[in-house]
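K.L.:
Line by line, the protein sequences are chains A and B. With this note's numbering applied, the first sequence covers 18 to 223. With this note's numbering applied, the second sequence covers 18 to 223. Glycine is no exception: its CB is placed at the ideal position from the N, C-alpha and C atoms. In this text, all values refer to a predicted model and were calculated from it rather than measured experimentally.
2 protein chains.
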Amino acid sequence: MVGEVTLRERKKLRTRRALVDAATRLFDEKGYVETTVAEIAAAAEVSTKTFFNYFPSKEEVLFADAEVRMRIALRMIAEREPGESLGDLLLRVIDHVLGLIRSDALDVGMSTAKVRMRLVMAEPVLQARAQQLVMASQIDLARAISRSYRTIDELTAVGVVGAFLGAAQATVVASLRRGDNVEDAITASRAAIAAALHGLAGAVTD
Amino acid sequence: MVGEVTLRERKKLRTRRALVDAATRLFDEKGYVETTVAEIAAAAEVSTKTFFNYFPSKEEVLFADAEVRMRIALRMIAEREPGESLGDLLLRVIDHVLGLIRSDALDVGMSTAKVRMRLVMAEPVLQARAQQLVMASQIDLARAISRSYRTIDELTAVGVVGAFLGAAQATVVASLRRGDNVEDAITASRAAIAAALHGLAGAVTD
DNA sequence: CAGAAAATTACAATGGGTGTAAAAAAGCTG
DNA sequence: CAGCTTTTTTACACCCATTGTAATTTTCTG
């Protein structure tokens, strides 16, 4: 009765993965808009309705592992070394998450991370959803931070996190959009974060 | 032939405004999701298809004046006092835009800005679209900045803008979400920007 | 006023998403 | 294993956003 991995659960996981894989492959081959949910379901050998039993919308199938990353980030914050400054901590967290993305480590199946990155960049709907996720994560991160650092209230934490992620996100997007590869984009992003860390005040007069 | 304000143009403007007004009113009364495009069109006395001739999607009708604000911001950057630091300039721009939002000054008709703010906060789709607009604006702003300040390249500018707007946006959202009124949210947002300005590095150790 | 150009319309179709109730699969109990 | 319960899947029917097309109306111009 304990630690059971019932047949049901295994089947559900398999179906879920089949849907994610089929979707990613089809999106990659024919494009996001051109692929219909019906096709994804067919490729995964389930009914269309079943797709929506697993994912609330067509987009969501692409963000299946985002929450995993978020959980990791939250844990890093909760378990930080006492004495580590907020700046250092955030830098560490962002680095780690970027590393995960880059290395595909979390990937459900094959190397879908690059495909997803490309798709998210290309499709406005997906980009919007991604940004929404980032925003949601900011609030969670801020809460975790203000729990970890007693001296900082949640709203301030939100501001700090927003600045960091804002810099990181904007830089990544801009960099990718102008044709840089993922590595370069991440490098640029780190530079932007470092800049934010040291303050934007003095930044540039004529 | 010159400077004509043709009947056609006047009519188009009137139709456009009728659509925006009808949409805002209906969204306010019955909620965004519950209102159908058909109803909006009917209220504005045009066909459904005509709605889509004016706005590419249901959401867009709510962001009708976003580009106006953006144009103003871009102009402020282009026409800055030589010698003004980037930090000061951005602070000034953000203040001004927030002021516009707060004062409803740009509003097409009645005082729809608050309604819109509430709707955007409440509806995930709208929030996503708003963030997308912010992201797009960041890239434009960055371009304007790197044209105005020769010493700063576009990617760096994107990072700086991203940090500022990221802090501002996250704070506003978090503040509103916890029930603050618009004034308080804006105040909090300004504080966050100031913090980002002075650098997040030293920020908080145990 | 006639005819060109632009805008609006009706109409039909596609596809995402939801609700419902029936059928199929899996788990449980004796 | 037989029968019963719960979960999952399915078929089906529906709503609505969005798009394309072609006909119709309105505005403009000479």
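Does any residue of chain B bring its CB to less than 8 Å from the CB of SER154(A)?
P.N.:
As a working mapping, residue 154(A) is identified with position 137 in the first sequence. No, no contact with chain B.
K.L.:
Check ALA122(B) in the structure and name its three-state DSSP category.
P.N.:
Position 105 of the second sequence holds residue 122(B). Confidence at ALA122(B) is low in this model, with a pLDDT of 48, below 50, so the placement of that residue is unreliable and no value is reported for it.
K.L.:
By the 10 Å Cβ neighbour count, where 16 or more other Cβ atoms means buried, how is VAL37(A) classified, buried or exposed?
P.N.:
On the first sequence, residue 37(A) is found 20 positions in, with the first residue counted as 1. Its Cβ being crowded by 16 or more others within 10 Å, VAL37(A) is buried.
K.L.:
According to DSSP, is TYR71(B) part of a helix, a strand, or is it coil?
P.N.:
By 1-based counting over the second sequence, the position of residue 71(B) is 54. The answer is helix: DSSP assigns TYR71(B) an H, G or I state.
K.L.:
Which runs of the alpha helix (DSSP H) spanning at least 4 residues fall entirely within the region 23-88 of chain B, listed in chain order?
P.N.:
24-47, 54-60 and 65-71
K.L.:
Does ARG194(B) come out as helix, strand or coil in the three-state DSSP assignment?
P.N.:
Stepping through the second sequence from its first residue, residue 194(B) is reached at position 177. Collapsing the DSSP output to three states places ARG194(B) in a helix.
K.L.:
Please check if any C-beta of chain A sits within less than 8 Å of the C-beta of VAL190(B).
P.N.:
Position 173 of the second sequence, counting from 1, holds the residue named residue 190(B). Yes - at least one Cβ of chain A is within 8 Å of the one on VAL190(B).
K.L.:
Would PRO73(B) pass as an interface residue toward chain A - the criterion being a Cβ-Cβ separation below 8 Å?
P.N.:
The residue labelled residue 73(B) in the question sits at position 56 within the second sequence. Closer than 8 Å: no.
K.L.:
DSSP on ASP112(B), reduced to helix/strand/coil?
P.N.:
For the purposes of this step, residue 112(B) is identified with residue 95 of the second sequence, where counting begins at 1. The answer is helix: DSSP assigns ASP112(B) an H, G or I state.
K.L.:
Quick one: Cα of SER165(B) to Cα of THR23(B), how far?
P.N.:
Within the second sequence, numbered from 1, the residue matching residue 165(B) stands at position 148. Within the second sequence, numbered from 1, the residue matching residue 23(B) stands at position 6. Cα to Cα, SER165(B) sits roughly 38 Å from THR23(B).
K.L.:
Pair every Cβ in the region 82-90 of chain A with every Cβ in the region 52-71 of chain A, then say whether three or more of these pairs are closer than 8 Å.
P.N.:
Counting Cβ pairs under 8 Å, fewer than three are found: no touch.
K.L.:
Which residues of chain B have a Cβ atom closer than 7 Å to the Cβ of LEU172(A), listed in chain order?
P.N.:
Here residue 172(A) refers to the residue found at position 155 of the first sequence. Per Cβ cutoff of 7 Å: THR188, ALA191, SER192 and ALA205.
K.L.:
Between LEU182(A) and chain B, is any beta-carbon pair separated by less than 8 Å?
P.N.:
On the first sequence, residue 182(A) is found 165 positions in, with the first residue counted as 1. It does: the Cβ of LEU182(A) has a partner Cβ on chain B nearer than 8 Å.
K.L.:
Quick check on SER120(B): buried or exposed, where buried means 16 or more other Cβ atoms within 10 Å of its Cβ?
P.N.:
Numbered from its first residue, the second sequence carries residue 120(B) at position 103. SER120(B) is exposed by the Cβ-count criterion.
K.L.:
Short of 7 Å in beta carbon distance, which residues of its chain neighbour VAL78(B), apart from the five on each side in sequence? Order them along the chain.
P.N.:
Sequence index remark: in the second sequence, residue 78(B) carries index 61 (1-based). Cβ neighbours of VAL78(B) beyond the five flanking positions: LEU36, VAL37, ALA40 and PHE72.
K.L.:
Any C-beta of chain B sitting closer than 8 Å to the C-beta of ALA90(A)?
P.N.:
Translated into positions along the first sequence, residue 90(A) becomes position 73. Not one chain B Cβ lies under 8 Å of ALA90(A).
K.L.:
Would LYS47(B) be called buried (16 or more neighbouring beta carbons within 10 Å of its own) or exposed?
P.N.:
Position 30 of the second sequence, counted from the start, is the residue given in the question as residue 47(B). LYS47(B) is exposed by the Cβ-count criterion.
K.L.:
Of all Cβ atoms in chain B, is any one closer than 8 Å to the Cβ of ARG109(A)?
P.N.:
Residue 109(A) sits at position 92 when you count from the first residue of the first sequence. Judged by the 8 Å Cβ criterion, ARG109(A) is not in contact with chain B.
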